[in-house]
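Residue numbers (the UniProt record's numbering): 1 to 339.
What follows is the structure, encoded as structure tokens:
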């Protein structure tokens with residue numbers, strides 16, 4: 001009796017297919033974090049490059065006028081050495097005095113960022129949010145945006161709806177209560193204008209007596225207009241209330257009321273510190289706790305800063321708060337160690 005030979009069909013059996021799928025899934029699980037880390041490293045590198053360009057622009061401005069620009073200008077934009085002439089006053093609906101600010105340092109830096117076309121169209125006789133400036137402030141400037149921040153086409157949702165977002169701000173000052181309440185020391189003299197870029201004041205390199213390499217000039221303030229804290233998006237009242245009306249519920253989201261657009265004069269940072277996860281204000285945490293008027297990045301473990309010499313440094317969010325305050329001031333006379 002002849003044996004009947006059966007030809008085996010080519011292809012995978014179900015078990016073999018499942019094994020292959022399992023191996024592929026394991027490989028993806030192993031490779032995905034590495035891919036994500038590589039992408040974030042590239043984004044962080046681009047963010048660093050953006051900050052380098054901003055720092056270079058400020059130094060080119062300084063070379064042209066022998067002074068750094070003020071963080072925000074309260075006067076004649078055409079004369080960077082004058083910060084108090086010809087104020088424009090807008091009256092609010094209730095009759096109170098309105099915004100007298102012309103512009104942020106970012107406007108003054110535009111010619112040195114290859115953005116002269118926007119700068120030349122900016123109306124120097126009106127506030128930044130005036131209708132005559134709408135087209136300019138609604139223009140997105142790539143160098144003002146950190147690629148690690150989630151969301152595309154982010155825009156101001158409260159103060160000047162439609163204004164294009166920005167993720168970097170000047171380090172203007174450390175607020176009085178941070179010195180007295182958090183650090184337990186007396187507020188330094190003239191601390192409201194202690195930054196390299198100060199409100200309505202021009203400072204020269206020689207004014208940075210603490211050393212340009214030991215003084216912050218710009219820092220990250222990412223995510224606007226949506227409010228973020230260390231947990232993620234600030235989306236419920238049980239996360240606490242933010243003081244000074246800096247955060248409001250608007251259009252279904254909690255948003256910052258100032259400092260949202262790249263052209264907003266309030267984009268400069270006045271450091272309050274925060275409690276854990278951004279609760280309230282005037283706490284010991286100074287990096288990555290809340291993005292409303294504080295240093296905040298979407299990079300793991302810290303944020304990037306432009307130093308007074310134009311270099312860019314990544315600073316740990318665990319930096320000593322007293323040391324952080326010292327590095328925010330240009331002429332405090334403090335001894336600054338490694339950070």
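C-beta atoms are modelled at their ideal positions from N, C-alpha and C, and glycine is treated no differently.
The structure displayed is predicted, hence computed values, not measured ones.
Alpha-carbon to alpha-carbon, residue 320 and residue 262 = If I take the Cα positions, the gap works out to 29 angstroms.
Please report how far the alpha carbon of residue 127 lies from the alpha carbon of residue 110, in whole angstroms.
-> In a straight line, the C-alpha of residue 127 is about 17 angstroms away from that of residue 110.
For residue 138, which option in 174, 122, 197, 146 has the closest C-alpha, if you only look at C-alpha atoms?
-> Residue 122 is the option with its Cα nearest to residue 138.
What are the start and end residues of the beta strand (DSSP E) that includes residue 173?
-> For residue 173, the uninterrupted beta strand (DSSP E) run begins and ends at 168–174, by DSSP.
Reference residue 231, options 113, 290, 295, closest by Cα | Minimum Cα distance to residue 231 is reached at 290.
Leaving out the 5 sequence neighbours to the left and right, which residues in its chain are closer than 6 angstroms to residue 339 when beta-carbon positions are compared?
-> In the same chain as residue 339, and ignoring 5 residues on each side of it, the C-beta atoms closer than 6 angstroms to its own belong to 319, 323, in chain order.
CB-CB length for residue 219 against residue 275, believed under 8 angstroms = Under the criterion of beta carbons closer than 8 angstroms, residue 219 and residue 275 do not qualify as touching, at roughly 20 angstroms.
Reference residue 172; option with closest CA among 145, 233, 69 | For residue 172, the closest of 145, 233, 69 by C-alpha to C-alpha distance is 69.
Kindly indicate which residue of 73, 272, 334 has the alpha-carbon position closest to the one of residue 211.
-> Checked all of 73, 272, 334; the closest Cα to residue 211 is 334.
Can the beta-carbon of residue 185 be found closer than 8 angstroms to that of residue 273?
-> Taking C-beta atoms as the reference points, residue 185 and residue 273 fail to come closer than 8 angstroms.
Buried or exposed for residue 18, please, with buried defined as at least 16 other CB atoms from any protein chain shown within 10 angstroms of its CB.
-> Around the beta-carbon of residue 18, fewer than 16 other beta-carbon atoms lie within 10 Å, marking it exposed.
Cα-Cα separation between residue 76 and residue 116, rounded to whole angstroms | Any reading at residue 76 is ruled out, since the residue's pLDDT is 45, under 50, leaving its predicted position unreliable.
Would you tell me roughly how many angstroms separate the C-alpha atoms of residue 238 and residue 43, rounded to the nearest one?
-> Because residue 238 sits at a pLDDT of 46, beneath the cut-off of 50, its placement in the model cannot be relied upon, and the following sentence gives the value as read from the coordinates. If you take the alpha carbons of residue 238 and residue 43, they lie about 32 angstroms apart.
Grab the span of the alpha helix (DSSP H) containing residue 116 for me, first residue to last.
-> Element bounds for residue 116: 116–121.
Helix, strand or coil at residue 50 according to DSSP, with G and I counted as helix | In the three-state reduction of the DSSP assignment, residue 50 falls in the helix class, which pools H, G and I.
Taking all protein chains shown into account, decide if residue 27 is buried (16 or more other Cβ within 10 angstroms of its Cβ) or exposed.
-> Exposed: under 16 other Cβ atoms inside 10 Å.
Under 8 angstroms by Cβ, that's how I've got residue 340 and residue 332 pegged, so tell me the actual separation to the nearest angstrom.
-> Any question about residue 340 goes unanswered here, given that the chain covers just 1 to 339.
DSSP state of residue 44, grouped into three classes?
-> Taken through DSSP and simplified to helix, strand or coil, residue 44 comes out as helix.
For residue 322, does the three-state DSSP call read helix, strand or coil?
-> Residue 322: helix per DSSP, three-state reduction.
Measure the alpha-carbon distance for residue 226 versus residue 142 and round it to whole angstroms.
-> Rounded to whole angstroms, residue 226 to residue 142 spans 19 angstroms at the Cα level.
If I'm right that residue 148 touches residue 298 with Cβ under 8 angstroms, what's the distance once you round it to whole angstroms?
-> So it is a contact: roughly 4 angstroms between Cβ atoms.
Going by DSSP, name the residue or residues bridged to residue 316.
-> Note: residue 316 is bridge-paired with 302 in the DSSP secondary-structure output.
Pick from 282, 267, 23 that is closest to residue 197, judged by C-alpha positions = It is 267 whose Cα lies nearest to the Cα of residue 197.
Is residue 149 helix, strand or coil when you go by DSSP?
-> In the structure shown, residue 149 sits in coil (DSSP, three-state: anything other than H, G, I, E or B).
Can you give me the Cβ contacts of residue 313 inside the same chain, cut-off strictly under 8 angstroms, excluding the 5 residues immediately before and after it?
-> These residues qualify, in order along the chain: 304, 305, 307.
Return the chain-ordered list of same chain residues with a C-beta closer than 7 angstroms to the C-beta of residue 187, the five sequence neighbours on each side being excluded.
-> Within its own chain, the residues whose Cβ lies closer than 7 angstroms to the Cβ of residue 187, once the five positions on either side in sequence are excluded, are 176, 179, 180, listed in chain order.
Own chain partners of residue 119 with C-beta closer than 6 angstroms, once the 5 adjacent residues on each side are dropped = Within the same chain, residue 119 has close Cβ partners 110, 111.
Nearest chain D C-beta to residue 51 closer than 8 angstroms, yes or no?
-> In the structure shown, chain D cannot be found, because there is only a single protein chain.
Alpha helix (DSSP H) segments (min. 4 residues) lying fully within the region 195–244 | Runs of the alpha helix (DSSP H) inside the region 195–244: none found.
Using 10 angstroms around the beta-carbon of residue 20, count the other beta-carbons present and answer buried if the total reaches 16, otherwise exposed.
-> Taking all protein chains in view, the Cβ of residue 20 is surrounded by fewer than 16 other Cβ atoms within 10 Å, so the residue is classified as exposed.
Three-state secondary structure (DSSP) at residue 30?
-> It is helical.
Cβ shell of residue 52 (< 7 angstroms), same chain only, five flanking positions each side left out = So the list reads 312, once near-sequence residues are dropped.
Proximity winner among 146, 63, 164, 151, relative to residue 129 (alpha-carbon distances) = Cα-wise, what sits closest to residue 129 is 164.
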